[in-house]
Amino acid sequence: MAKTAIVILNLNTKNYLEAFLPALIKSTQGYDAEVVVADNGSSDGSLSLVQDRFPCVRTIALGENTGFTGGYNKAIAQLLDSKDAPEYIILINSDIEVDESWLGPLISQLDSDPQCGVCGPKLHKLMCKDGAYQRTSMFEYAGAAGGLLDRDGFPFCRGRILGRVEEDNGQYDAADPAVFWISGACLATRASLWKELGGLDARFFAHMEEIDFCWRAALRGFSVRLVPQSVVYHIGGGTLGSDSPFKLKLNYRNCLMMLENNLPLTVGASAARKHLNRRKCIDNCAALAYLLSFKWKSYKAVREAHKEFKRMRRGLQGDAVSAPLAGMLDVSIFSEYLKKS
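Anchor point for the sequence shown: position 246 equals 1131 in my numbering, and the numbering is continuous, going up by one each time.
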């Protein structure tokens, strides 16, 4: 196994693999890096395509869809159980296009800074027009120029707040690269840290699991960094659309689990309880707004999210052990949105 394992978790994205794997493979030339495709039980011939067309790519057949969290946990566990386990792991989506210069800066960041536990590139939007992919200078919604967290646990990004997305004019390149989270669309971390944290929280299934991972890394004294010299191009939203009730439920449920996981170790158990109760009240207000707007499926999604959280929760555990964390801001995402308007 190479020093760096670049792992794609695939589920029925044969067209993306065919389009973007060649450039990804080419970008590893000159680096001790290997591309791995872990298949989450695809039925579109994805695995056969990779094995037939890209024999240099290692494949892992997982057999069933256990979500983003379960799939990555299982695949990376196999890699780390081998005698030649990688030192670095990069999670990357199948709908990302890379160029030859994206990989080096990420590896250099981890090589040069032992306290950096997680890092990632800037994400730009990749458009598809008339069957052709076009790179843009617009930030992509999933991660933009690194993620932040507001006082109520709502994630947002430098370069993207709610539905407002900026063009990348280098405005974040000279800023403090320490952020709160890096998008799971393209996230580099240390294999040792992955093992220490036990990978992703499998309860999440999908959505916000990378924010939870970055938060847990920061609580152990590791920094989370944007590497602006690295840029990748992301289509985004290919699995679940923005109007998906299932996605909405996952986001509301998983945010509560993330807050329960980490707030006690960040602000203390007593303050964490107040934060969590405040967030529940905000969620209930959102559910009421959905109801009054006749968005029945969205209303039901929020209610189901709270029911599932109640069933899956572990309880507030531990007490504050950390100093204030980079990228965790005492502001509201809504006030920040109005400032940008």
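No residue lacks a Cβ here, since even glycine has one placed at the ideal position from N, Cα and C.
Measuring alpha carbon to alpha carbon, tell me which of the options ends up nearest residue i.
{"i": "residue 948", "options": "1188, 964, 1221 and 926", "result": "926"}
{"i": "residue 888", "options": "1066, 1222 and 995", "result": "995"}
{"i": "residue 1062", "options": "944, 1080, 1003 and 952", "result": "1003"}
{"i": "residue 1016", "options": "904, 993 and 941", "result": "904"}
{"i": "residue 964", "options": "989, 943, 979 and 1164", "result": "943"}
{"i": "residue 941", "options": "886, 1168, 1035 and 1088", "result": "886"}
{"i": "residue 957", "options": "1128, 1095 and 1120", "result": "1095"}
{"i": "residue 1021", "options": "981, 1005 and 1058", "result": "981"}
{"i": "residue 1128", "options": "1093, 1116, 1107 and 1186", "result": "1186"}
{"i": "residue 1139", "options": "1051, 1165 and 1179", "result": "1165"}
{"i": "residue 936", "options": "960, 902 and 911", "result": "902"}
{"i": "residue 922", "options": "945, 907 and 1118", "result": "945"}
{"i": "residue 1035", "options": "1220, 1059 and 1224", "result": "1220"}
{"i": "residue 1160", "options": "1010, 1176 and 1149", "result": "1149"}
{"i": "residue 1208", "options": "1108, 1057, 932 and 929", "result": "1108"}
Using the C-alpha atoms, what's the distance from residue j back to residue i?
{"i": "residue 1044", "j": "residue 1203", "result": "34 Å"}
{"i": "residue 913", "j": "residue 891", "result": "9 Å"}
{"i": "residue 983", "j": "residue 909", "result": "6 Å"}
{"i": "residue 1195", "j": "residue 1217", "result": "25 Å"}
{"i": "residue 976", "j": "residue 954", "result": "11 Å"}
{"i": "residue 1153", "j": "residue 1145", "result": "11 Å"}
{"i": "residue 1133", "j": "residue 987", "result": "32 Å"}
{"i": "residue 1212", "j": "residue 1030", "result": "12 Å"}
{"i": "residue 1100", "j": "residue 897", "result": "30 Å"}
{"i": "residue 1222", "j": "residue 1046", "result": "6 Å"}
{"i": "residue 1050", "j": "residue 968", "result": "44 Å"}
May I ask you to report which of helix, strand or coil DSSP gives residue i?
{"i": "residue 1065", "result": "coil"}
{"i": "residue 936", "result": "helix"}
{"i": "residue 928", "result": "coil"}
{"i": "residue 1024", "result": "strand"}
{"i": "residue 1041", "result": "strand"}
{"i": "residue 1152", "result": "helix"}
{"i": "residue 1227", "result": "No answer is possible for residue 1227: it lies beyond the span of the chain, which begins at 886 and ends at 1226."}
{"i": "residue 1093", "result": "coil"}
{"i": "residue 1129", "result": "coil"}
{"i": "residue 982", "result": "strand"}
{"i": "residue 1187", "result": "helix"}
{"i": "residue 1143", "result": "helix"}
{"i": "residue 1193", "result": "helix"}
{"i": "residue 1158", "result": "helix"}
{"i": "residue 1163", "result": "helix"}
{"i": "residue 1059", "result": "coil"}
Could you check where the beta strand (DSSP E) with residue i kicks off and where it finishes?
{"i": "residue 1012", "result": "1001-1014"}
{"i": "residue 906", "result": "Looking at the DSSP string, residue 906 is not in any beta strand (DSSP E); the run it does join, the alpha helix (DSSP H), is 899-912."}
{"i": "residue 893", "result": "889-895"}
{"i": "residue 961", "result": "Premise fails: residue 961 lies in the alpha helix (DSSP H), 952-965, not in any beta strand (DSSP E)."}
{"i": "residue 946", "result": "943-946"}
{"i": "residue 1178", "result": "Run containing residue 1178: none; DSSP gives neither H nor E here."}
{"i": "residue 1032", "result": "1032-1034"}
{"i": "residue 1120", "result": "Premise fails: residue 1120 is in no beta strand (DSSP E) and is neither H nor E."}
At which residues does the alpha helix (DSSP H) containing residue i begin and terminate?
{"i": "residue 994", "result": "988-997"}
{"i": "residue 1220", "result": "1218-1225"}
{"i": "residue 1073", "result": "Not the alpha helix (DSSP H): residue 1073 falls in the beta strand (DSSP E), residues 1071-1075."}
Three-pair Cβ contact test at 8 Å for the segment 962-976 versus the segment 1071-1080: Per the Cβ contact rule, the segment 962-976 is in contact with the segment 1071-1080 (3 or more Cβ pairs under 8 Å).
Three or more C-beta pairs below 8 Å linking the segment 1104-1122 and the segment 1005-1013: Verdict: yes, contact present.
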